[in-house]
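Residues in the sequence shown are numbered consecutively from 1, following this note's numbering.
Built from N, CA and C at the ideal position, the CB exists for glycine as well.
From a predicted model like this one, the values you see are computed outputs, not experimental measurements.
Take a look at the structure below.
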Amino acid sequence: MAIDHPPLPYPKEALAPVISAATLEFHWGKHHKAYVDNANRLLEGTPWAEAAPEAVMKATFGEAAHGAIFNNVAQAWNHTFYWHSLKPNGGGRPTGPVADLINAAWGSYDAFAEALKQAGIGQFGSGWAWLVLDGETLKVTRTPNAENPLVHGQKPLLTIDVWEHAYYLDYQNRRPDYLAAVIEKLLNWDFANANLGR
Ligand code: MN3
Numbered sequence: 001m002a003i004d005h006p007p008l009p010y011p012k013e014a015l016a017p018v019i020s021a022a023t024l025e026f027h028w029g030k031h032h033k034a035y036v037d038n039a040n041r042l043l044e045g046t047p048w049a050e051a052a053p054e055a056v057m058k059a060t061f062g063e064a065a066h067g068a069i070f071n072n073v074a075q076a077w078n079h080t081f082y083w084h085s086l087k088p089n090g091g092g093r094p095t096g097p098v099a100d101l102i103n104a105a106w107g108s109y110d111a112f113a114e115a116l117k118q119a120g121i122g123q124f125g126s127g128w129a130w131l132v133l134d135g136e137t138l139k140v141t142r143t144p145n146a147e148n149p150l151v152h153g154q155k156p157l158l159t160i161d162v163w164e165h166a167y168y169l170d171y172q173n174r175r176p177d178y179l180a181a182v183i184e185k186l187l188n189w190d191f192a193n194a195n196l197g198r
């Protein structure tokens, strides 16, 4: 199964001013595309050439000999998931079943939002902040580099990219400001509910 580079689910200008068209032009058009191209090149001729990306991630995670395959396949997956984790005029309080699970886990939306922001701030260097389903409970987690919660048996519901290329053109070094704005204005709760699947 070739790894694909799907179009953004909205126009490049649609997330401004939180995330500019220039950031999406580079982030989706160059960074994400490079991961997809590298993943397909690296997978060619391996036992995983026809495998689903989730299966490739689980098979190669933590295997030093397959580090490049894991990194590029996971980065391709993570970026597609990230684009869908955002939407124009999103953010703020969740709706649907995920709202009840957030209240059960954190007591309030505000406590959840702060936990997600702190996960992104606390990820030293490159990585991701996630909302995941772990068993029957929602958790906020963070992963370094390309790592994806699927390899730990968790189900991703939403993610925020905290690599510098995600925010540097718009926020320079102000990662907390980027996180706050994305959480307040862009998170796609419809996508979170669809991933929750209940
Ligand atoms: Mn990125």
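Taking its Cβ as the centre, do 16 or more other Cβ atoms sit within 10 Å of residue i, making it buried, or is it exposed?
| i | result |
| --- | --- |
| residue 159 | buried |
| residue 85 | buried |
| residue 141 | buried |
| residue 87 | buried |
| residue 177 | exposed |
| residue 147 | buried |
| residue 4 | exposed |
| residue 124 | exposed |
| residue 152 | exposed |
| residue 113 | buried |
| residue 175 | buried |
| residue 22 | exposed |
| residue 53 | buried |
| residue 78 | buried |
| residue 62 | exposed |
| residue 143 | buried |
| residue 129 | buried |
From what residue to what residue does the beta strand (DSSP E) around residue i run?
| i | result |
| --- | --- |
| residue 143 | 137–144 |
Just tell me which of the options has its CA closest to the CA of residue i.
| i | options | result |
| --- | --- | --- |
| residue 11 | 5, 114, 20 | 20 |
| residue 134 | 181, 79, 196 | 196 |
| residue 27 | 190, 94, 181, 76 | 76 |
| residue 36 | 47, 111, 180, 80 | 80 |
| residue 169 | 62, 24, 60, 9 | 24 |
| residue 29 | 7, 163, 119, 68 | 7 |
| residue 119 | 74, 162, 53 | 162 |
| residue 99 | 188, 9, 49 | 188 |
| residue 57 | 71, 96, 191 | 71 |
| residue 45 | 15, 61, 2, 17 | 2 |
| residue 179 | 136, 115, 198, 190 | 115 |
| residue 15 | 191, 91, 186, 194 | 186 |
| residue 198 | 166, 136, 64, 17 | 136 |
| residue 184 | 89, 190, 64 | 89 |
| residue 48 | 66, 95, 117 | 66 |
Rounded to the nearest angstrom, how far is the Cβ of residue i from that of residue j, given a contact under 8 Å?
| i | j | result |
| --- | --- | --- |
| residue 145 | residue 127 | 6 Å |
| residue 182 | residue 156 | About 16 Å separates the two Cβ atoms, so there is no contact after all. |
| residue 138 | residue 105 | 4 Å |
| residue 109 | residue 93 | 5 Å |
| residue 34 | residue 73 | Not quite, the Cβ-Cβ distance comes to about 13 Å (not below 8 Å), so this is no contact. |
| residue 97 | residue 193 | 6 Å |
Alpha helix (DSSP H) containing residue i: first to last residue?
| i | result |
| --- | --- |
| residue 25 | 21–26 |
| residue 102 | 96–106 |
Can you check the region 36–94 for any alpha helix (DSSP H) of at least 4 residues that lies completely inside it and give the ranges in chain order?
-> Counting only runs of 4 or more residues that sit fully inside the region 36–94, the alpha helix (DSSP H) segments are 53–60, 67–85, in chain order.
Length at least 3, wholly inside the region 116–192: the beta strand (DSSP E) runs in chain order | You should have 127–134, 137–144, 155–161.
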